[in-house]
């Protein structure tokens with residue numbers, strides 16, 4: 031493969047050729063002989079995949095074991111796929127340019143539903159049969175990531191899924207495969223899959239709908255932050271050093287799947303993070319560092335952490351960024367300290383315009399909180415802010431949408447040069463209290479977005495999600511194996527890179543759903559709390575009773591507090607998984 035890349039001139043024919051050459055700073059190089067070979071792949075372009083921290087964490091974690099060699103692959107863009115098919119060059123690894131089919135395990139991360147067609151493209155380019163039942167001695171195809179919590183739409187295409195924290199499960203899978211590699215090489219695949227299914231957090235769909243409980247890391251600090259992360263040669267989507275300061279969020283937003291998937295909260299300590307910052311910056315040379323988590327501002331020691339980290343960054347002119355800003359004065363105070371080096375943007379997520387609807391979704395912030403916060407931000411020198419909202423939330427009425435318009439204008443009136451408003455279409459997700467909710471139709475989504483369009487102009491920019499792609503995402507999100515067959519049909523009809531707006535073709539999906547007998551309304555209409563759901567055999571440690579109670583509280587417009595501050599709220603994750611919140615107050 032390397033010879034072909036150099037001699038064929040293909041890199042002169044495709045866009046962004048640095049996507050395909052590898053050779054990054056801090057990549058892992060080993061002698062592959064005698065080692066279990068794992069290909070960690072991301073079903074999107076290099077610049078998207080290289081921005082994903084989870085794959086990087088697994089990459090370094092697996093390579094700590096001498097007997098394993100983990101390499102990486104990303105889905106090439108369409109021009110490169112065409113060139114590779116013409117030259118009969120399969121998907122290859124970034125480290126050794128080895129064909130994907132020569133590995134023992136091919137892991138594929140599932141970050142968002144609209145990448146499902148990309149997964150099939152990746153398998154086909156790798157020369158691995160798309161359908162699991164057609165594989166014999168080919169690599170074990172392993173799925174993981176948030177979408178694996180409803181694995182059924184992709185069940186026919188994967189040998190196994192990781193449910194839970196990848197660091198807790200994947201090394202065990204690798205050990206089991208290495209110890210029983212002859213089962214794979216002699217075509218006794220089912221026997222090997224039976225062994226893998228005995229590992230907590232592993233779901234093998236070909237063995238039936240067996241109950242699987244997620245695997246979880248009890249203490250994040252048991253896993254060292256990578257001191258020398260990969261540095262690409264090209265600009266990536268998130269072109270900066272990233273450190274995970276905590277995992278999990280218990281605020282309990284009822285629409286938020288990640289907040290349920292990653293419970294409980296597990297924080298890293300200030301001393302650990304301070305030492306890691308120094309190592310990471312020395313090893314990478316980045317001029318921006320991001321503290322990543324679902325709610326970084328909720329870290330028990332965020333004030334001490336910023337006080338201790340900023341003096342390390344200022345002499346090197348390294349900016350610190352946080353994913354979003356808490357809606358209170360403390361959040362602005364921390365953001366103002368961070369902005370002493372460089373203003374990297376200020377984002378708030380009220381999610382709904384009215385207090386009634388914020389109570390429904392359990393977003394425990396008031397309009398007074400928001401206005402006090404944005405005024406503090408303006409007084410601290412910010413000229414631009416971003417506001418995130420959703421439309422189509424359960425019980426939403428037109429007056430709730432009018433409240434978004436009013437609230438955005440009220441924020442603009444504080445004196446900002448520009449207010450950016452993002453309006454996403456609510457999509458019910460498995461393993462959330464709103465998993466029972468209906469999803470609004472494309473026609474209704476377009477109508478409701480029309481109410482918001484009066485915001486455009488006058489220093490307010492409005493960005494809206496595509497109703498057609500949101501419909502497809504909704505079907506895939508709560509889909510089953512029948513939907514999985516439609517995914518294959520859509521891919522065969524040309525669906526690829528569906529998460530890219532300019533590539534998404536709604537007609538392909540409409541035809542695929544029709545051909546496979548998928549009635550979109552069956553997956554959009556919502557469910558009774560008494561229904562058995564497609565994903566009920568996958569347990570995240572949270573009881574279904576908790577989801578039902580939270581859904582019923584939402585319909586009564588009642589809120590639930592965060593167990594870190596109000597005591598146990600009864601989700602049962604700590605009891606089921608024998609874990610607890612790990613809070614590190616300095």
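In the working numbering, the protein residues as written are 31 to 616.
All C-beta atoms, glycine included, are put in the ideal place defined by N, C-alpha and C.
If you're wondering where the values come from, they're calculated on a predicted model, not measured in any experiment.
As the crow flies, the alpha-carbon of residue 519 is around 53 Å from that of residue 406.
Looking at the DSSP output, residue 321 sits in a beta bridge with 273. For the pair of segments examined, the stretch 295-310 was found not to touch the stretch 471-483: the number of CB pairs separated by less than 8 Å stays below three.
Residue 132 has its alpha-carbon roughly 10 Å from the corresponding atom of residue 68. Of 321, 420, 486, 96, the smallest CA-CA separation from residue 208 is found for 96. Using a Cβ-Cβ distance cut-off of 8 Å, the stretch 252-265 and the stretch 82-98 are in contact, since at least three pairs of beta carbons, one from each stretch, lie closer than that value.
Here the C-alpha atom of residue 112 lies approximately 48 Å from the C-alpha atom of residue 299. Per DSSP, the unbroken alpha helix (DSSP H) holding residue 408 starts and ends at 397-409. At a cut-off of 3 residues, the continuous stretches assigned as beta strand (DSSP E) that sit fully inside the stretch 110-171 are 135-139.
If only uninterrupted beta strand (DSSP E) runs of at least 3 residues are considered, those enclosed by the stretch 221-289 are 271-274. Spanning the alpha carbons of residue 227 and residue 190 requires a straight line of approximately 8 Å. Taking the Cα of residue 223 as reference, the smallest distance to any Cα among 525, 184, 203, 122 is reached at 203. Annotation: residue 601 is outside any alpha helix (DSSP H) and is labelled neither H nor E by DSSP.
Segment contact: the stretch 256-271 against the stretch 563-576, fewer than three CB-CB distances shorter than 8 Å; contact not assigned. DSSP places residue 417 in the strand class (E or B) of the three-state scheme. Exclusion of the five residues before and after residue 327 leaves 356, 361 as the residues of its chain whose Cβ lies within less than 6 Å of its Cβ. DSSP lists 138, 191 as the beta-bridge partner residues of residue 173.
Distances from the CA of residue 213 to each of 350, 433, 166 were compared; the closest alpha carbon is that of 166.
The stretch 549-614 contains, as complete alpha helix (DSSP H) runs of 4+ residues, the segments 550-554, 574-585, 593-596, 603-607 (chain order). Secondary structure at residue 345: helix, using DSSP grouped into helix, strand and coil. Taking the C-beta atoms as reference points, residue 464 is found nearer than 8 Å to residue 285. For residue 378, there is no enclosing alpha helix (DSSP H); the enclosing beta strand (DSSP E) has its first and last residue at 377-381. In this structure, the straight-line span from the alpha carbon of residue 517 to that of residue 179 is close to 18 Å.
According to DSSP, residue pairing for residue 303 in a beta bridge does not occur. Secondary-structure assignment with DSSP links residue 494 through a beta bridge to 453. Here residue 549 is exposed: its Cβ has fewer than 16 other Cβ atoms, across all protein chains shown, within 10 Å.
Counting only runs of 4+ residues, the alpha helix (DSSP H) found wholly inside the stretch 66-118 occupies 76-79, 83-92, 108-117, in chain order.
Counting other Cβ atoms within 10 Å of its Cβ, residue 79 reaches 16 or more and is therefore classed as buried. Judged by their CB atoms, residue 183 and residue 506 are nearer to each other than the 8 Å cut-off. In this structure the stretch 574-593 does not lie against the stretch 241-251, because fewer than three pairs of beta carbons, one per stretch, are closer than 8 Å. Here residue 448 is bridged, per DSSP, to 414. Within 10 angstroms of the beta-carbon of residue 287 lie 16 or more other beta-carbons, which makes it buried. Distance from the CA atom of residue 279 to the CA atom of residue 590, rounded to whole angstroms, is 14 Å. By the neighbour-count definition (other C-beta atoms within 10 Å, threshold 16), residue 118 is an exposed residue. Taken through DSSP and simplified to helix, strand or coil, residue 350 comes out as strand. Cα atoms of residue 225 and residue 411: separation of roughly 59 Å, rounded to the nearest angstrom.
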